[in-house]
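Here the structure comes first, spelled out in structure tokens, and everything after it is commentary.
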Amino acid sequence: MTDSTVRVRDLDESELLARIFPLLPTGDAVDVGPGDDAAVVRAPDGRVVVSTDVLVEDRHFRRSWSTGFDVGRRAAAQNLADIAAMGARPTSLVVSLVVPGDLPVDWVTGLARGLADAATPAGATVVGGDLSGGDEIVVAVTVHGDLDGRAPVLRSGAQPGDVVAHAGVLGRSAAGLALLASGAASGQHGAPGARGPVAPFVAAYLRPEPPLPGGPAAAAAGASAMLDVSDGLLRDAGRLARASGVTVDLTGGRLSGDVSALLPAAVELAVVSEDVDGWQQARRWVLSGGEDHGLLATFPAEVADHGLPAGFREIGEVRTPVDDGPQVLLDGEEPDVPQGWDHF
Ligand code: TPS
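Number 189 in this note's numbering belongs to position 189 of the sequence shown; there are no gaps in the numbering.
Below is the structure:
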């Protein structure tokens, strides 16, 4: 029997783990890896950056759109992005998995491969986790990181006059999700399977590539505040603005390249949904789409004058807040589109 006919319930836990362990990324930051009651990891900096993020079937992914590999890759990538957003370097992951008994075992081994695919280039290892049965798939990842002696970059440090900058892509994941949800890209499994104009957008949704080196680079360059964009540019810019007690004013003209890059996706969507205005749709994805996990950071003007770190480009300015005024502006005015993703 191959792993596509073997179901999770056909194996006992130790047999399933024996198939997973060899696939997990390993590294020398670990003294005791998976298999014991707990792992022992090094913390060279003396401080540990920790974050956790969960993926829930039919909320964050659909089994009909995503392979196990895609989900593993995404679960790792979005956690790694949270570490980068503190200005840190990811070191290790702990992965807890809830899976239905009828799930093919190769979905789970695919997930382990996907975790490795995202974690290995980032220098992170998987050091442990837990397995349980349940009605739907849930992947909960905890990630650790190291600051390499630097101060963490918080959301709360932005000052009026700072430059607002972004690294990574904007709206691509939301465009891919819309294409999958509309049927315009249905049946497309992952980047290699998706063809035609929809392929890069579907790939961006299924396999986001956060600009991880940008985190430590921004910290080293003197970023005053940073977060990763998971729920949409406007919503996450609002979080940074609120935490810092400032107003973030985004410059529409600096986002027009991002909007035009999404026009092919809007055109494909228009084929299945007649009332789509391509430019407006693409603009909404850029401003309100989530899950690209780019880095939104602010830099003092004198830092920006010497050149932003690799991957970052200016997209706006930090202003002094106006009492009771909006925290996020677009060209000086309240944005005319929804803020972004809301969980509940
Ligand atoms: C099947 N979505 C879910 S969570 C989220 C977004 C944009 C924001 C980030 O969440 N439907 C399906 N898959 C999706 N990914 C979405 C909708 C959209 P978190 O902060 O929990 O990482």
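Even glycine gets a Cβ: it sits at the ideal position worked out from N, Cα and C.
No experiment lies behind these values; they were computed from the predicted model shown.
| Asked | Found |
| --- | --- |
| So, for Ala43: in the same chain, excluding its five sequence neighbours on each side, which residues have a beta-carbon less than 7 angstroms away from its beta-carbon? | Asp146 |
| For a test of your reading of the model: does the CB of Leu403 fall under 7 angstroms from any non-hydrogen atom of the ligand TPS? Yes or no. | The first residue shown for the chain is 1 and the last is 344, placing residue 403 beyond what the model contains. |
| DSSP beta-bridge partners for Ser51? | Val143 |
| Any heavy atom of the ligand TPS closer than 7 angstroms to the beta-carbon of Gly345? | Lying before the first or after the last residue shown, residue 345 is absent from the chain, which here runs from 1 to 344. |
| Can you tell me whether DSSP reads Thr320 as helix, strand or coil? | coil |
| Any chance the CB of Leu177 is under 7 angstroms from a heavy atom of the ligand TPS? | yes |
| Examine the ligand NAD and report whether any of its heavy atoms sits within less than 7 angstroms of the Cβ of Trp341. | Ligands in the displayed structure: the ligand TPS; the ligand NAD is not one of them. |
| Please tell me whether His293 and Ala81 are closer than 8 angstroms, where the distance is taken between their beta carbons. | yes |
| Taking just the CA atoms, how far does Gly128 sit from Arg239? | 32 angstroms |
| Select from Val271, His343, Val163 the residue whose C-alpha is nearest the C-alpha of Gly290. | His343 |
| Which partner residues of Pro34 appear in the DSSP bridge assignment? | Asp36 |
| Which same chain residues, not among the five before or five after Glu333, have their C-beta less than 7 angstroms away from its C-beta? | none |
| Using the beta-carbon count (16 or more within 10 Å), is Gly114 buried or exposed? | buried |
| Would DSSP call Phe299 helix, strand or coil? | strand |
| Considering only their Cβ atoms, is the gap separating His166 from Leu296 smaller than 8 angstroms? | yes |
| Return the residue from the list Gly46, Ser51, Ser244, Asp70 that minimises the CA-CA distance to Glu57. | Asp70 |
| Whose C-beta lies closer than 6 angstroms to the C-beta of Asp36 among residues of the same chain, with five residues either side of it excluded? | none |
| Keeping to the same chain, check which residues put their C-beta closer than 7 angstroms to that of Pro197; ignore five residues upstream and five downstream. | Pro264, Glu268 |
| Leu177 by DSSP, collapsed to three states: which one? | helix |
| Taking C-beta to C-beta, are Val99 and Gly72 nearer than 8 angstroms? | no |
| Alpha carbons only, please: which of Val271, Pro22, Ser244 is nearest the one belonging to Gly157? | Ser244 |
| Contact check, Pro160 vs Arg319 under 8 angstroms by CB: the rounded distance? | 6 angstroms |
| Cβ of Gln78 versus every heavy atom of the ligand TPS: is any distance shorter than 7 angstroms? | yes |
| Under three-state DSSP, which class holds Val271? | helix |
| Hey, quick one: how far does the beta strand (DSSP E) through Gly250 stretch, first residue to last? | Note that residue 250 corresponds to Leu in the displayed sequence, not to Gly. Where Leu250 is concerned, the enclosing beta strand (DSSP E) stretches over 247-250. |
| The ligand TPS heavy atoms versus the CB of Phe61: any closer than 7 angstroms? | yes |
| For Val164, tell me which candidate among Thr251, Met86, Pro213 has the shortest Cα-Cα distance. | Thr251 |
| Look at the alpha carbon of Ala18 and the alpha carbon of Val229, and state the distance between them as a whole number of angstroms. | 36 angstroms |
| Going by DSSP, what residue range makes up the beta strand (DSSP E) through Pro90? | 89-99 |
| Cβ atoms of Leu16 and Val141: under 8 angstroms apart, would you say? | no |
| Would you kindly work out how many angstroms separate the C-alpha atoms of Ala204 and Phe312, rounded to a whole number? | 19 angstroms |
| Among Phe299, Gly101, Arg284, which one has its Cα closest to the Cα of Asp10? | Gly101 |
| Alpha carbon to alpha carbon, what distance is there between Ala174 and Ser224? | 28 angstroms |
| When the Cα atoms are used, what is the spatial distance from Ser92 to Val143? | 6 angstroms |
| Looking only at its own chain, which residues have a Cβ that is under 6 angstroms from the Cβ of Val30, when we skip the five neighbours before and after it? | Val41, Thr125, Val127 |
| Could you tell me whether the Cβ atoms of Val271 and Ala184 are closer together than 8 angstroms? | yes |
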